[in-house]
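Visitor:
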Amino acid sequence: MKIQVCVGSSCHLKGAPAVIAAFQEAMKNEPSGKNILELGGCYCQDHCQNGVVVRIDGRLYTNVTPEMVAPLLEEGAESDE
29 MKIQVCVGSS CHLKGAPAVI AAFQEAMKNE PSGKNILELG GCYCQDHCQN GVVVRIDGRL
89 YTNVTPEMVA PLLEEGAESD E
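Residue numbers for the sequence shown follow the working numbering, so the first one is 29 and each next one is one higher.
1. Considering only the alpha carbon of each residue, which of Gln73, Tyr89, Asn91 and Val82 lies closest to Leu67?
2. If you count every other CB in all the chains shown that lies within 10 Å of the CB of Ala50, and 16 or more means buried, which is it?
3. If distances are taken between C-alpha atoms only, which option among Pro99, Glu102 and His75 comes closest to Val35?
4. Whose C-beta lies closer than 8 Å to the C-beta of Pro94 among residues of the same chain, with five residues either side of it excluded?
5. Would DSSP call Leu140 helix, strand or coil?
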């Protein structure tokens, strides 16, 4: 599962660092072998008004908060099955 969090100025101001930290924490708690997770940053996804923007395996999510991270990972894991 490839996860990209926008770190452009608008998303950064809207909480991208906290969203990244939530993904990092979730990855630490991920059972070995269940999912292969790749977390990275990206720049503007042209949805600045709806930041924080996250792409998971190419699918765009907007207005992402740290509380949304676990459900997004579960949704992504289910779509991989």
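Cβ coordinates follow ideal geometry from the N, Cα and C atoms, glycine included.
Keep in mind the model is a prediction, meaning the values are calculated, not measured.
Guide: A quick look at the data gives this:
1. If we check each option's Cα against that of Leu67, Val82 comes out closest.
2. Under this definition Ala50 is a buried residue.
3. Selected option, being the one with the closest Cα: His75.
4. The answer, listed in chain order, is Gly43, Ala46, Val47, Ala49 and Ala50.
5. Outside the displayed span of the chain (29 to 109) sits residue 140, for which this structure offers no information.
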